[in-house]
Every structure is written in structure tokens, then in C-alpha cells.
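J.:
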Amino acid sequence: MRLKTSLLKEPKHILCHRKKHELVSCVGWTTADELYSCSDDHQIMKWNPLTSETTRVVKLPEDLYPTDLHWFPRSIGGKKQSHAESFVLTSSDGKFHLISKLGRVEKSVEAHCGAVLAGRWNYEGTALVTVGEDGQVKIWSKSGMLRSTLAQQGSPVYSVAWGPDSEKVLYTSGKQLIIKPLQPNAKVLQWKAHDGLILKTDWNSVNDLILSAGEDCKYKVWDSFGRVLYSSQLQEYPITSVAWAVDGELFAVGSFNTLRLCDKTGWSYALEKPNTGSIFNISWSIDGTQLAGACGNGHVIFAHIVEQRWEWKNFEVMLIKRRTMKVHNVINDAEDSLEFRDRVIKASLGYGYLVVSTSLQCYVFSTKNWNTPLIFDLKEGTVSLILQAERHFLLVDGGGLYLYSYEGRLISSPKYPGMRTDILNAQTVSLSNDTLAVKDKADEKVIYIFEALSGKPLGDGKPLTHKTEIVEIALDQKGLTSERKIAFIDKNRDLYITSVKRFGKEQKIVKIGTMVQTLAWNDTSNILCGIQDTRFTVWYYPNAVYVDKDLLPKTLYEKDGSEFSKNPQIVSFVGNQITMRRADGSLVHLNISPYPGILHDYVRASQWEDAVRLCRFVKEQTLWACLAAMAVANRDMATAEIAYAAIGEIDKVQYINSIKDLPSKESKMAHMLLFSGNTQEAETLLLQSGLIYQAIQVNINLYNWDRALELAVKHKTHVDTVLAYRQKFLEDFGKKETNRRFLQYAEGVGV
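Residue numbering for the sequence shown follows the UniProt record's numbering, starting at 1 and increasing by one per position.
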């Protein structure tokens, strides 16, 4: 991926009477094809990067030197706002100005002593924050009335940014960064971020990460707790600007004659050395395909992203121009060129299809035939995310979630209360053939789960709730809908798995890993991989936790992960190949054993004899353990017996043998449930089948004395048996009866 930059031959911002190039201080996009810029020549110019046309919007008063510009947010939750046609302009005379798109100054407000150095609207457009040379941080209403002075300090505040939920404000204080919540008396977070003055910060609403740029010639990436995730090498010059792309996947860094494109984890994709002077301000277009920079020599630099790559199996797709893609099949070296009417915004390649969204349309190509794509028009235009599953794909834009089949038919459009689609990314949305899961931003502990075909909430309609905030979610891709599982990582970096279908009863959320950095499900079988602490781990059969907890550690494959360095990310897990991106941006490919995948296929087709044969051929304990768990899950006792014997679990082999000898189907079933640790379900099944005595006996065997007595009394049967077992139990341990219920019944019943 790299930047293709363009500069006009002559700068447009010139002071006429002196013929001197004046520095451009700020830029901002209105649409994906229109940019406004302000300069010390007191002019506001309008640019169209496609046609390279520039027009002067307005000439400002001679004493007004602009410092920052920010457009009012265009759309919130899919609703277009009428107010979106205006921007705030801060200036060196201590005022900020609300200016319409046509250049009319609607209002000028005295805000600070000395220059107002920056001004930002919050994401909803309900408040404006300004900071100034006087060290004050002020919050204003939409119409420019002062609401509060959030902070006061002795040094100028050079840059400010809103937190993702518009509840907090991040600002600079010399070498320090400060996050201050709007609520009074809330805890303020402050830390030393650079060794020199901090000139710019930005905080992204999708990934919740913070950027900072300093006079110490470094740029850094932080999480919202102030922990450094990336610190750059020493650059040649002070870093004068940083800015996140809207979707939080990329950011840009500006310095003297330098423009750099970086990944969210910090490493660089591309470095350009244009003749710009210092780049004081960078603004990304709404669709994230291009950016503009305000240059110290009077130029405005435009750069759009090209050479993005997508890989899947033997296909490699590359965006070579804004509207052209090149497809390369590495097996037969065939190349195809794909032309689009408008510029490409997002693309995704997987499951045999390439889905491309342009500014107005969506194209679906089959990898079997690149010549005849299926094309349909888009409602909103700026698609922020494309997710694919085997049978359909999901488009996310500012207006909602849309699920389409690969034939281009709209299947459903799920909705949930307080939906904000602009902050969803691949970590917080997951799609499988029958289910869609979305992690909510308003309450981070909640996952909404929808039926893909109808778009309605799944099961009883209640979302899945966890006890702590959730960071990343992923649905498994194969198997029956009723057995669909979701894996998620919470804030403590613990990995949990749970079933998606829940009918009234509280489903167990089971922890299967700790210190997990990143995870991915396989595309063809339900195998999960992740990086756990410093070890690369593959869960060959995560469902084992519901079948036989003790088996889970035996179904894992672990490998030392030190070669992947710190904070690697799993890019894809296709077939038996895992692609991982290291912190320095390099890709590492890993192959795992193909046998667990083959075993999954056999079990799905109920070919138990083939499965046993495979395990005997491979002679691996992990494979036998997987087969044992799969056999119990599918109630195939003969195979389970062979598999447990192979891994030396003799006690379980004996228990399975005892189940085989049980007379009725119901009691066999109940004991199978007991084997998997589902005592409650086993008891319910026995009671429904009228096997009261067995239900009581189950509780006695598990020493659930109170429940055993309760059942006996309720069904008026075998009370004496329960009391006899209890008495024997107490005698064996030499104890006296202390339970009041047992004492009460013991008097009334002769044993």
C-alpha cells in the first residue's frame, strides 16, 4: 500500500500585493470530492482534487489568521443533519467563527485570551471544544454559547480531540497528554508522552487509540489508558501533524517535506518526500481513500491510497489506480484487469468471491469468472466495512447493517437500540452462514446476536451479556445452527466461548484461554487459533469444554510464539494456513496439521469408522482426544470408548460401558448428559420420562442431599431411601445430623 501524491505547480494561497506564498494552516473535507482550505493570506479556498479546480469561497478580514478548521458532523446514526453545511474556524485573534459552506460568517465568539489554537465538534455535533494559548479548554454549545471551562493551565494547549463516546476530552499540556472527562470530580488521566512539546493529537472512535506528535521528532500510538503501543524512531524533523483515517485502520503523519502512511499498530506502509515545507494539518476524506495536507509553502497536498492488496488461496488482488484492480492467479499466472466506474472504497476477498464497493455501487465477482460481475446500487455510498461468510456478505455504512446474498439480493437489515454503525470494525462484528453478532458500543459488555436470514434477534431476543467489557468477537463458520459458537476476548484478555442459541436457560460462558492477543476461526472447520501470552495456540475442538472439560488441554496444539514478536495480529486462517502480521508489518505464514480438519469433515458426515482409522494412522494423542470429545457430543458411544481407551482414560471407558448396559433410551441419554457435566439437564430429562427414582439416585450419587430429599417429598416416593443413604453417609464419616429438614423427616419416617 502506498500514497500517490499530487501538488499543483503553483500554490493558490498567495498574498496578492506581496506575491508571497503564505502558509496554509488548515484543511477539511465536505464530501469525498470537495476540500476547503484556509491560509494566512486570509482566504478560504475550495478544491476539487478530481478536476484540480480551485475557487475562492471568501476573503476574511485582514486581521484574521486562521489556526484550525473543523466541519460540523455530516450524519449521525444515518440521519443527515441540516446543520452539516457549516464549519468552525478558530483564529489567532482569540475568536472562533461559525461559517457556512458559502463563506458567510454566521457568528464570531470571543473565546480565549491570545490565539485559539484548535476547535473540534464532538461526534454528535452537540458540543464544540476549543483550546488556546491561555491554557484553557472550553466547551461550547452548538450555537456558540459557553457551557463550561473544562481546564485551565499555565501553558498553551496546542491540540485537542474528543473521546469516542464524546464523554471525555484529550488535550496537550507541554510534554504531557491529559484525558479529562466532562463529568465533574471524575478521574483525570495524565501522563508524560514525549520529550519535547506535543504539537498534535488525535483519538479514533473506532479503535479507541490515540496518536501524538512531538517536537522530539517522534510520533506515538497509545491506548486510552495511556499505555504506549508504538513509538517511532527519531525522525529528521519535528512531527507537525497526525491524523487517523475514519475507520481507524490507518493514520497519516506529516513533517517537514515528509508525508507518511502508517498502520494502526504503528509500522509504516509508505513514505513520501514532497516539496511542501512543514505539513501543519492533515485531513482524511470521509471514505478514507484520500487525504489532504496543509503545507507551509502555500500548497495543499493531495494523496490517495493505491496498491492495497487482498489475498485468498491462490488469488491476489491489487488496487493499482483509484478505479482499476489487477487480479493475479498464482497457480497459472493468469492476470485480469477489473475496471470500475467510480473510485474503489472498500473490498474483501474470500469464500470464492471478491466484493468491491465504490462510491455508488457494489460489485460482486466470482473467482471462477472475472468478466461478469454482479452490480447493484448502494443506498448510502460510504461503506465502512465488508464482511464475508460462505453464503452471504455484510455491508456496513453510516445508515445501517445490510446483509446481501452473493446474487445481490438484500437478505436482511438487522437493527438494535442505539445503533451506531460508524464505529464498527472487523473485531466488533462477526458473520457466519446463519448468524450475525455485533458488539455494542453503548454497553461494551453486551453482544447482540441476530438471525442472518430474518435480521431478527436470535432465540429469546435477549442479547448476550458478559461480566466485563468485551474487546473482540468471532463466530465459528461451520456446523449446525443449533451448535453455533461465539468466541470473544474481554478487557482482561481472557478468551471465552459460549453457544449462540439460548432458550431461556442461562448458557454457560466458559473460559478457554488467558492473555489472548488475537484470534481467528478457520473458514472450513470449527478450529480456533490465537496467540496466548507468548504461545501460538490452536484449539482443534473448542466445543470439548461442553462435553468433557478435562479433555480440552489435550485437544490443543501449542507452539512458541516468540518469532512473531510483540503484539502480532492474525490476518487469516484459511485451510490449514494461518497468516499473521508482526508488529513491524511483515507477514508470517504458518502451517498446521491438516488431520484435525479432515477429522472434522468425517465427523460432520458421521463417518465414524473413517475417523477412527485416521486417528490410528496418525497416532497422535491430540487427535484421539478430539475424536473422543466429538463422539460424546454426537452420542456415538462405541467410538467414544475406542478414543478414550487410546488416550488412557480408563475410568471414562468403564463409565461409558456402564451406560451401554442401561435399559432405557432416556436413562442412557441422561447419563450421557451427566458424563458431560450437565447434571441439571440430566435430572430434568429423567423427571420428564417418569424415572423419579433414577433422578433421586443421581442427586444422591452427587451428594446433593437437599435436592434428593426435595424430589422424594415432592413425588411422595423413596423418602426412606434418601434418609437411609444419608444415615449411612453420616455414619461413614462419623458425623451427626444437623440438617433441619432431614431431622424433621427422620422423626416421621421409620427407616
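Positions of the beta carbon are idealized from the N, C-alpha and C atoms, including for glycine.
(1) With distance defined between alpha-carbon atoms, name the residue in 37, 249, 61 nearest to residue 54.
(2) Compare the C-alpha of residue 313 against each of 331, 267, 306, 301 and name the closest.
(3) Residues in its own chain within less than 7 Å of residue 144 by CB, not counting five upstream and five downstream?
(4) Closer than 8 Å is the cut-off here; do at least three beta carbon pairs connect the stretch 379 to 399 with the stretch 428 to 436?
(5) Would you call the CB atoms of residue 630 and residue 603 closer than 9 Å?
(6) Can you name, in chain order, every residue of its own chain whose Cβ lies under 6 Å from the Cβ of residue 125, other than the five neighbours on each side?
(7) Could you spell out the range, first to last residue, of the alpha helix (DSSP H) harbouring residue 2?
(8) Give me the residue from 410, 177, 747 with the minimum Cα distance to residue 224.
(9) Taking C-beta to C-beta, are residue 67 and residue 25 nearer than 9 Å?
(10) Have a look at 27, 104, 46 and flag the residue whose alpha-carbon is nearest the alpha-carbon of residue 61.
(11) Pick from 406, 383, 335: whose alpha carbon is nearest that of residue 754?
(12) List the endpoints of the continuous alpha helix (DSSP H) containing residue 600.
(13) Name the residue from 716, 620, 472 whose alpha carbon lies nearest to the alpha carbon of residue 569.
(14) Residue range of the beta strand (DSSP E) that residue 731 falls in?
(15) Taking the DSSP output, what are the residues bridged to residue 140?
(16) Hey, quick one: how far does the alpha helix (DSSP H) through residue 657 stretch, first residue to last?
(17) For the alpha helix (DSSP H) holding residue 667, just list the boundary residues, first then last.
(18) Given residue 669, which residues of its chain have a CB within under 7 Å of its CB, disregarding the five upstream and five downstream residues?
(19) State buried or exposed for residue 188, treating a residue as buried only when at least 16 other CB atoms are found within 10 Å of its CB.
(20) For residue 760, which option in 167, 443, 530, 346 has the closest C-alpha, if you only look at C-alpha atoms?
(21) Name the two residues that bound the continuous alpha helix (DSSP H) containing residue 629.
(22) In terms of residue numbering, what span does the alpha helix (DSSP H) encompassing residue 713 cover?
(23) With a 10 Å radius around its C-beta and 16 neighbouring C-beta atoms as the bar for buried, classify residue 43 as buried or exposed.
(24) How should residue 615 be labelled, buried or exposed, when 16 other C-beta atoms within 10 angstroms of its C-beta is the threshold for buried?
(25) Looking only at its own chain, which residues have a Cβ that is under 8 Å from the Cβ of residue 454, when we skip the five neighbours before and after it?
(26) Please confirm whether residue 378 and residue 394 have their CB atoms less than 9 Å apart.
(27) For the alpha helix (DSSP H) holding residue 546, just list the boundary residues, first then last.
(28) Please tell me whether residue 466 and residue 497 are closer than 9 Å, where the distance is taken between their beta carbons.
(29) For residue 243, report the span of its beta strand (DSSP E) as first-last.
(30) Does residue 113 come out as helix, strand or coil in the three-state DSSP assignment?
(31) State buried or exposed for residue 641, treating a residue as buried only when at least 16 other CB atoms are found within 10 Å of its CB.
(32) Determine, using beta-carbon pairs with one atom in the stretch 575 to 589 and one in the stretch 520 to 540, whether at least three such pairs fall under 8 Å.
(33) Report yes or no: do three or more beta-carbon pairs, one from the stretch 248 to 260 and one from the stretch 270 to 286, lie closer than 8 Å?
(34) Where in the stretch 337 to 413 do unbroken runs of the beta strand (DSSP E), each at least 3 residues long, occur, reported from the N-terminal end onward?
(35) Quick check on DSSP: helix, strand or coil for residue 482?
(36) Could you check what DSSP says for residue 592 in three-state terms: helix, strand or coil?
T.: Working from what's here:
(1) 37
(2) 331
(3) 98, 107, 109
(4) yes
(5) yes
(6) 72, 73
(7) Per DSSP, residue 2 belongs to no alpha helix (DSSP H); it is in the beta strand (DSSP E), 2 to 6.
(8) 177
(9) yes
(10) 104
(11) The structure shown does not extend to residue 754, since the chain is modelled only from 1 through 751, so no value can be given for it.
(12) 595 to 604
(13) Taking residue 569 as reference, the option from 716, 620, 472 with the minimal CA-CA separation is 472.
(14) That residue, residue 731, is in no beta strand (DSSP E); its alpha helix (DSSP H) goes 719 to 733.
(15) 128, 146
(16) 650 to 660
(17) 665 to 675
(18) 685.
(19) exposed
(20) Given a span of 1 to 751 for the chain in the structure shown, any question on residue 760 remains unanswerable.
(21) 621 to 633
(22) 705 to 714
(23) buried
(24) buried
(25) 412
(26) no
(27) 544 to 547
(28) no
(29) Start and end: 241 to 244.
(30) coil
(31) buried
(32) yes
(33) yes
(34) Counting only runs of 3 or more, we get 344 to 350, 353 to 358, 361 to 366, 369 to 377, 383 to 388, 392 to 397, 400 to 405, 410 to 412.
(35) In the structure shown, residue 482 sits in a helix (DSSP, three-state: H, G or I).
(36) The answer is coil: DSSP assigns residue 592 none of H, G, I, E or B.
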